[in-house]
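Numbering (our numbering), first residue to last: 126 to 275.
Beta carbons are placed, not taken as given, at the ideal position from N, Cα and C, and that holds for glycine.
Given the structure is predicted, the values throughout are model-derived calculations rather than measurements.
Data block below; observations after.
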């Protein structure tokens, strides 16, 4: 029988698992804004929705021309946010492989600790990063990256 003074053991979620999850999530959102967000803006800007499936300079023009986020100045925070997101999209390979390594190591760690919720969250995001790396290695992904680098 439990006494009133006994305190239940509260199982704490490891901080490393949460940190990796939120890092993967934040970088995923930034990548999506910096790649597909800019791609969709460019397709809307030129009035060619089919260009989303075939990104390139011939159909979409310069990616910088489609970023209509207000005055292009150093003091506009949206310019900085979109610029950082675009930079993240440029480095999809090293960033994606880092997310796979951190995700894999965190999955092993959280599985051993018995933290199934964090394990599942990190596993889903790691799988999404794997899909993004495969997509980036495809002809579509290489043409998207080439267009973004212009």
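Over what stretch of residues does the alpha helix (DSSP H) that includes residue i continue unbroken?
i, result
"residue 207", "202-215"
"residue 174", "That residue, residue 174, is in no alpha helix (DSSP H); it is neither H nor E in DSSP."
"residue 264", "264-274"
"residue 146", "140-157"
"residue 183", "182-185"
For a quick check, are the C-beta atoms of residue i and residue j less than 8 Å apart?
i, j, result
"residue 221", "residue 258", "yes"
"residue 273", "residue 266", "no"
"residue 268", "residue 180", "yes"
"residue 245", "residue 225", "no"
Can you tell which of the options has the C-alpha that lies nearest to the C-alpha of residue i?
i, options, result
"residue 189", "165, 178, 142", "165"
"residue 170", "177, 242, 176, 191", "191"
"residue 147", "243, 175, 214, 271", "243"
"residue 275", "245, 214, 218, 224", "214"
"residue 187", "206, 163, 175", "163"
"residue 206", "140, 145, 144, 151", "151"
Could you check how far apart the C-beta atoms of residue i and residue j are, in whole angstroms? I think they sit under 8 Å.
i, j, result
"residue 153", "residue 253", "6 Å"
"residue 231", "residue 249", "That belief does not hold up - the Cβ atoms of residue 231 and residue 249 are roughly 12 Å apart, past 8 Å."
"residue 168", "residue 185", "7 Å"
"residue 204", "residue 270", "Not really, about 21 Å apart at Cβ, beyond 8 Å."
"residue 142", "residue 240", "6 Å"
Fill in: Three or more C-beta pairs below 8 Å linking the stretch 236-243 and the stretch 199-216
no
Item to complete: May I ask you to verify whether the stretch 143-162 touches the stretch 207-214, counting CB pairs closer than 8 Å and requiring at least 3?
Response: yes
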